[in-house]
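Report on one structure; see the data block that follows.
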Amino acid sequence: MGLAARRVASVDHVSTTPLRLVTAEDRHVQIASTIAVPTIENEAQLKALIASLSGVDAVGAEARAAKLSTRSIKKSTKLAAIEMAISMIDLTTLEGADTPGRVASLCTKAMRPDPRDLTVPSVAAVCVYPDLVAHARSVLGSSPVAVASVATAFPSGRASLQVKLMDVRDAVVGGADEIDMVIDRGAFLSGRLGQVFDEVVAVKEACGDAHLKVILETGELVTYDNVRRASWVAMLGGADFIKTSTGKVTVNATLPNALVMLEAVRDFAETAGRTVGVKVAGGIRTSKDAIRYLVLVNETVGSTWLTPHLFRLGASSLLNDLLMQRLKQQRGVYVRADEFSGD
Amino acid sequence: MSMCAPMNSAGTDVSDRQLANSQLGSLEYDPAPESAAIAKLKPSYGLFIDGGFSDGEAHQQFATVNPANEETLSMVAQASSVDVDRAVSSARHAYDKVWSKTTGAQRSKYLFRIARLIQERSRELAVVETLDNGKPIRESRDVDIPLAAAHFFYYAGWADKLEHAGFGVNPKPLGVAGQIIPWNFPLLMAAWKLAPALAAGNTCVLKPAETTPLSALVLAEILEQAELPPGVVNIITGDGVTGAALVDHPDVDKIAFTGSTEVGRMIQQRTAASHKHLTLELGGKGANIVFDDAPIDEMIEGIIDGIFFNQGHVCCAGSRLLVQESVADEVLRRLVRRVEQLRVGDPLDKNTDVGAINSAAQLLRIRELTDFGESEGATRYTSSCALPQKGYWFAPTVFADVAQSHRIAREEIFGPVLSVLTFRTPEEAVAKANNTNYGLACGVWSEKGSRTLWVAERLRAGVIWTNTYNRFDPTSPFGGMRESGFGREGGRHGLEAYLNV
Numbered sequence: 614m615g616l617a618a619r620r621v622a623s624v625d626h627v628s629t630t631p632l633r634l635v636t637a638e639d640r641h642v643q644i645a646s647t648i649a650v651p652t653i654e655n656e657a658q659l660k661a662l663i664a665s666l667s668g669v670d671a672v673g674a675e676a677r678a679a680k681l682s683t684r685s686i687k688k689s690t691k692l693a694a695i696e697m698a699i700s701m702i703d704l705t706t707l708e709g710a711d712t713p714g715r716v717a718s719l720c721t722k723a724m725r726p727d728p729r730d731l732t733v734p735s736v737a738a739v740c741v742y743p744d745l746v747a748h749a750r751s752v753l754g755s756s757p758v759a760v761a762s763v764a765t766a767f768p769s770g771r772a773s774l775q776v777k778l779m780d781v782r783d784a785v786v787g788g789a790d791e792i793d794m795v796i797d798r799g800a801f802l803s804g805r806l807g808q809v810f811d812e813v814v815a816v817k818e819a820c821g822d823a824h825l826k827v828i829l830e831t832g833e834l835v836t837y838d839n840v841r842r843a844s845w846v847a848m849l850g851g852a853d854f855i856k857t858s859t860g861k862v863t864v865n866a867t868l869p870n871a872l873v874m875l876e877a878v879r880d881f882a883e884t885a886g887r888t889v890g891v892k893v894a895g896g897i898r899t900s901k902d903a904i905r906y907l908v909l910v911n912e913t914v915g916s917t918w919l920t921p922h923l924f925r926l927g928a929s930s931l932l933n934d935l936l937m938q939r940l941k942q943q944r945g946v947y948v949r950a951d952e953f954s955g956d
Numbered sequence: 149m150s151m152c153a154p155m156n157s158a159g160t161d162v163s164d165r166q167l168a169n170s171q172l173g174s175l176e177y178d179p180a181p182e183s184a185a186i187a188k189l190k191p192s193y194g195l196f197i198d199g200g201f202s203d204g205e206a207h208q209q210f211a212t213v214n215p216a217n218e219e220t221l222s223m224v225a226q227a228s229s230v231d232v233d234r235a236v237s238s239a240r241h242a243y244d245k246v247w248s249k250t251t252g253a254q255r256s257k258y259l260f261r262i263a264r265l266i267q268e269r270s271r272e273l274a275v276v277e278t279l280d281n282g283k284p285i286r287e288s289r290d291v292d293i294p295l296a297a298a299h300f301f302y303y304a305g306w307a308d309k310l311e312h313a314g315f316g317v318n319p320k321p322l323g324v325a326g327q328i329i330p331w332n333f334p335l336l337m338a339a340w341k342l343a344p345a346l347a348a349g350n351t352c353v354l355k356p357a358e359t360t361p362l363s364a365l366v367l368a369e370i371l372e373q374a375e376l377p378p379g380v381v382n383i384i385t386g387d388g389v390t391g392a393a394l395v396d397h398p399d400v401d402k403i404a405f406t407g408s409t410e411v412g413r414m415i416q417q418r419t420a421a422s423h424k425h426l427t428l429e430l431g432g433k434g435a436n437i438v439f440d441d442a443p444i445d446e447m448i449e450g451i452i453d454g455i456f457f458n459q460g461h462v463c464c465a466g467s468r469l470l471v472q473e474s475v476a477d478e479v480l481r482r483l484v485r486r487v488e489q490l491r492v493g494d495p496l497d498k499n500t501d502v503g504a505i506n507s508a509a510q511l512l513r514i515r516e517l518t519d520f521g522e523s524e525g526a527t528r529y530t531s532s533c534a535l536p537q538k539g540y541w542f543a544p545t546v547f548a549d550v551a552q553s554h555r556i557a558r559e560e561i562f563g564p565v566l567s568v569l570t571f572r573t574p575e576e577a578v579a580k581a582n583n584t585n586y587g588l589a590c591g592v593w594s595e596k597g598s599r600t601l602w603v604a605e606r607l608r609a610g611v612i613w614t615n616t617y618n619r620f621d622p623t624s625p626f627g628g629m630r631e632s633g634f635g636r637e638g639g640r641h642g643l644e645a646y647l648n649v
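From first to last, the protein sequence lines are chains A and B. Residue 614 is where the first sequence starts when you use this note's numbering, and the numbers rise one by one after that. Residue 149 is where the second sequence starts when you use this note's numbering, and the numbers rise one by one after that.
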């Protein structure tokens, strides 16, 4: 098999550059880990490991997610959750019609979501196509907002590995702090897990210091078993984050998919000793949705993950709803939608 | 999942200790309590006989308290044998003069009305139930009340189709049914009893449990609102003496009882050699059987639902966990972590997972049996959750290293206490699951359908869930074997208990 006979990620890759965020307390301390994951030597070993994962009962997973979404988040908890959610947003524009002007206005909004109230945290990152990374970087200047770029022939991932790696290097050279790659769903669904793994390893290497988010595209994997397995392949390959969706297919982030991925990062942290983040993306538009995800994180993996270093919300219109609900919490009344800029 | 070859890893490293410090559920949720005022409780309630409320003959009353804070909620009447006689006479009169002459379609009209009124007043009923019983509002809101309405809707559909139920061409009702229900699901049990009885054409005398009479009394208001003819349903409150008078009344044709095996045995003795029909839904010591290929995360949730739902005050609770020895350590580790995460406290708070124990007497019994479990040598894990100062509370508890011969493996604790036992083979799992006097419910957790069916065929229990636990639906029959009772409630089978077949 064309599987890289090497460590999933070597010591060289231990990134000491934290994500450029200052909005939430960083709860981790970097320590030398002696806990371990196995070195993946060949595809058979990888497949055996993936096959050893417990299955997911769809009815049970959906019931659990639905039950947690009835948690009632009120008053000061709600305000804290809204501000936490703002700080976790990857403010995204991924359109064919994106222009430098459009990206610049998005970056401005990312740095100061509510210009009248500077206590509102900036978002975690802006997420753009590779050709707009350098422009976004220059607009953001020295602000703590990171630049994330989709790469690897986003969103379909249908290109040769060389092309995908070029795409990644392009974005990194442009100044991307984070790379959102897509896995090859065709390879995954036809059982070529080694190829999926190799691509993650190769992209991770091409990322250099940039953090790697691996998009599973759960809407195309369809089953929860597949979501769990793909999560593990990505994590074993060196993903810093696993991410639900591109936002470009019919089914994007769902609570049960996020639940299964959070369980995967929890189990991976326990067995491999490395914390991997989770990013949910696509279709998250309201504060209520966002808070439901935070509750899911809180009750599945706990407080360690309640930071932009380990949890992100990929969204665009969500930000204005969070700002509006934040004012509602403070003033007791809703303001007009036009009170907020439409970026 | 075991991965142990050493290597360094990328990204953020984290030690075991740090992971242990990751507090599950540490985002503190502000309390989100439902208002107790929604219950609109009256200072006192009489007996609902012949279509209206009246005082008991002896004017005796007793208090019903909120188990979460020991405050008195209301005063209710203690029905004497004279009151029981009045209720049975009213039911008999209504049966003879009105109810036996109505058509199925007319009866179904009333049942639909009752179902809709329960839905309309569901918020009030949920608060009443939570105040009187101590169960979390999330459960009364999402389970008890909707299911109660669903039972009335379901049997409303049967009322005009009895000839198609498989009990002969023209099945007849029994007459007057005396129904005695427990305190764990007060309104839901009332619905389980009343809906099929009324659909089949019987009239009823219902006695709710002494510690939880209030939702049945609100139901009485609903029956008035639905303009159910007087006497068709009579609701009388009281203790065991009232229940005994109802059981012994010569003009009762049928006794339906849900409660403890001890009382059930007494009722069977007292109704022996009489014309009275009897169905009993009694205790249980349900086994939740976990195989090594079970979907682990959902299985842990299922175990939690199986034993901590309604504080474990569930006759079909999965109070014995039988786990395959090869995965026992992993299951126990995850289970204990999950138990620690349960939110115990104010039942009216929408974020509460586990509420108050229903009564001081029940709390005493739970304490007694768990103390026994410790002295018998089982390993105890109790949630470190803070418990309120006032009220009846018991922290969720798991016993590991439990042997078949321990009392906590044999006796029904009826509280938030799980006993964990292990097995090696499917045969052993079945043998251990069946090694009990009870036979109400079991769960089987496995991804392998053929094995699940093999096990299920051999389990002696009335209800078997696979890859889930404690799911109820009006279309599904429910009931036990052996000391868990006889007769079925729910589904087409539930009609049989109220028809002369």
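C-beta: ideal position from N, C-alpha, C; glycine also. The structure displayed is predicted, hence computed values, not measured ones.
Buried or exposed for asparagine 318/B, please, with buried defined as at least 16 other CB atoms from any protein chain shown within 10 angstroms of its CB. exposed
In terms of alpha-carbon separation, which member of Ser363/B, Gly563/B, Gly638/B lies closest to threonine 212/B? Ser363/B
Tell me which residues share the same chain as tryptophan 247/B and place their Cβ nearer than 6 Å to its Cβ, disregarding the 5 neighbours each side in the sequence. Thr351, Val380
From which residue to which residue does the alpha helix (DSSP H) around tryptophan 340/B run? 334-348
Per DSSP, what kind of secondary structure is leucine 394/B in: helix, strand or coil? helix
In its own chain, which residues sit with a C-beta less than 6 Å from the C-beta of glycine 770/A, not counting the 5 before and 5 after it? Val795, Asp797
Closer than 8 Å, CB to CB, is glutamine 489/B near chain A or not? yes
What is the C-beta distance between glycine 807/A and leucine 825/A, in whole angstroms, given that I count them as a contact (C-beta under 8 Å)? 18 Å between Cβ atoms; not a contact.
Give the DSSP bridge partners of serine 567/B, in chain order. Arg468/B, Phe547/B
Locate the beta strand (DSSP E) running through valine 741/A, then write down its first and last residues. 738-741
Residues of chain A with CB closer than 7 Å to the CB of alanine 180/B, please, in chain order. Ser685, Lys687
Contacts that lysine 498/B makes with chain A (C-beta to C-beta distance below 8 Å): Thr683, Arg684, Ser685
Nearest-angstrom Cα separation, counted from glycine 673/A out to valine 873/A: 11 Å
Write down the C-beta distance between phenylalanine 620/B and leucine 295/B rounded to the nearest angstrom, noting that I regard them as a contact closer than 8 Å. 6 Å
Just to make sure I have the definition right: I need the residues of chain B whose C-beta is within less than 9 Å of the C-beta of alanine 804/A. Which are they? First, the amino acid is wrong: residue 804/A is glycine here, not alanine. By Cβ distance, chain B contributes nothing, its closest Cβ being about 19 Å from glycine 804/A, past 9 Å.
Look at the alpha carbon of proline 344/B and the alpha carbon of leucine 310/B, and state the distance between them as a whole number of angstroms. 11 Å
Answer with yes or no whether the minimum CB distance from valine 635/A to chain B is below 8 Å. The pLDDT assigned to valine 635/A is 25, lower than 50, so where the model puts this residue is not dependable; a value taken from the coordinates is nonetheless given after this. False, the Cβ-Cβ gap to chain B never drops below 8 Å.
Which residues in the same chain as valine 568/B place their Cβ atom closer than 7 Å to its Cβ, once the five residues preceding and following it in sequence are excluded? Leu469, Val471, Leu480, Val546, Phe547, Ala548, Val550
Hey, how far is the Cα of leucine 269/B from the Cα of phenylalanine 260/B? At residue 269/B the sequence reads arginine, which differs from the leucine that was named. When rounded, the distance between both Cα atoms is 14 Å.
Note down, in chain order, every chain B residue with its Cβ under 7 Å from the Cβ of aspartate 670/A. Pro443, Glu446, Asn615
Backbone CA spacing between phenylalanine 767/A and phenylalanine 801/A [nearest angstrom]: 16 Å
Between which residues of its own chain and threonine 435/B is the CB-CB distance below 6 Å, once the five residues before and five after are set aside? The amino acid at residue 435/B is misidentified as threonine; the sequence shows alanine. Result list for alanine 435/B: Arg468, Leu470, Ala581, Cys590, in chain order.
Helix, strand or coil: which one does DSSP assign to threonine 351/B? strand
Please report whether the beta-carbon of leucine 778/A lies at a distance below 8 Å from any beta-carbon of chain B. no
Compile a chain-ordered list of the residues in the stretch 912-931 of chain A whose CB is closer than 9 Å to at least one CB of chain B. Glu912, Thr913, Val914, Gly915, Ser916, Thr917, Trp918, Leu919, His922, Leu923
Coarse secondary structure for leucine 511/B, derived from DSSP in three states: helix
Could you check where the beta strand (DSSP E) with valine 492/B kicks off and where it finishes? Here valine 492/B belongs to no beta strand (DSSP E), and DSSP marks it neither H nor E.
Tell me where the beta strand (DSSP E) around valine 592/B begins and ends. 589-593
My output table needs one value for alanine 553/B: the three-state DSSP class, helix, strand or coil. It is worth fixing the name first, because residue 553/B is serine in this sequence and not alanine. Coil, per DSSP.
Any C-beta of chain B within less than 7 Å: which residues of the stretch 746-772 of chain A qualify? none
Please list, in chain order, all residues of the same chain as alanine 723/A whose beta carbon is under 7 Å from its beta carbon, the five residues on each side excluded. Leu704, Ser735, Val736, Val739, Val758
Spatial distance of arginine 289/B from leucine 588/B (CA atoms): 25 Å
Cutoff 7 Å; reference threonine 647/A; Cβ partners in own chain excluding five residues on either side: Note that threonine 647/A scores a pLDDT of 38, beneath 50, so its modelled location is shaky and nothing firm can be said.
What does arginine 650/B touch in chain A if you count any residue whose Cβ is under 8 Å from its own? In the structure as shown, chain B starts at 149 and stops at 649, and residue 650/B therefore has no counterpart that could be examined.
DSSP beta-bridge partners for isoleucine 612/B? Cys590/B
Alpha carbon to alpha carbon, what distance is there between glutamate 883/A and isoleucine 644/A? Residue confidence is low: isoleucine 644/A scores 31 on pLDDT, short of 50, so the model does not pin down where it sits. Its coordinate-derived value is still stated next. Approximately 15 Å, taken between the alpha carbons.
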